[in-house]
Amino acid sequence: MVAVASGEEVIGNVAFSAVFHENTSAPGGQIVKYPVVYTNHGDGYNSETGVFTASHKGGLYVFHVHVQPQPGDDISFTLYHNDNPIVTASGKQQGDNVGTGSNSVTLRLKKNDRVYIKADYNSSIRGDSNSCYNSLTGYLIGLLTASEV
1 MVAVASGEEV IGNVAFSAVF HENTSAPGGQ IVKYPVVYTN HGDGYNSETG
51 VFTASHKGGL YVFHVHVQPQ PGDDISFTLY HNDNPIVTAS GKQQGDNVGT
101 GSNSVTLRLK KNDRVYIKAD YNSSIRGDSN SCYNSLTGYL IGLLTASEV
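In the UniProt record's numbering, the protein residues as written are 1 to 149.
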């Protein structure tokens, strides 16, 4: 249960959003760990491991990944569900052209299912505390019925 600015309580929801505030790199084949967590309602996202776990509820979840490389580089991240690649977001920056990439997906997760991002190859991550160029967001949009779990 979380108290929001209006004083109302948010019960039973799951949502997280995590970003990078500094330029860094992600080794190819490794899980990307988003260090700055804006929201982690339900405590599903672990910034130490980079893994979201549907530990509280099975249901329909939406995930968004946004990527942008450092100037002159490229980036490619794939979202995984239980070790299965689902969607990829990639971008390349050439000259003054900013190459961002985004992707979104709705997934049916059961309790303890895992979702995470892996770098497809060595990628340079653009970070800035004023503008979040690289982010990962996920949220629950509906619960599964007992027969679907």
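For glycine and all other residues, C-beta sits at the position ideal for the given N, C-alpha and C.
query: Pick from 52, 58, 27 that is closest to residue 39, judged by C-alpha positions; result: 52
query: Burial state of residue 93 (16 or more Cβ within 10 Å); result: buried
query: Sequence-distant residues of the same chain with beta carbon closer than 8 Å to residue 70, five excluded per side; result: 23, 93, 124, 125, 126
query: Complete runs of the beta strand (DSSP E) confined to the UniProt domain "C1q" (9–147) [at least 3 residues]; result: 15–19, 24–26, 36–41, 51–53, 59–67, 74–81, 84–92, 101–109, 114–119, 123–125, 135–143
query: Straight-line gap, residue 15 to residue 35 (C-alpha atoms, nearest Å); result: 16 Å
query: Residue 133 to residue 146 span [Cα, whole Å]; result: 39 Å
query: CB contact flag (residue 81, residue 113, <8 Å); result: yes
query: Check whether residue 150 and residue 77 have beta carbons under 8 Å apart; result: Because the chain here runs from 1 to 149, residue 150 falls outside it and cannot be looked at.
query: Own chain residues within Cβ distance below 6 Å of residue 20, not counting five before or after; result: 125, 127, 134
query: Straight-line Cα distance separating residue 102 from residue 46; result: 22 Å
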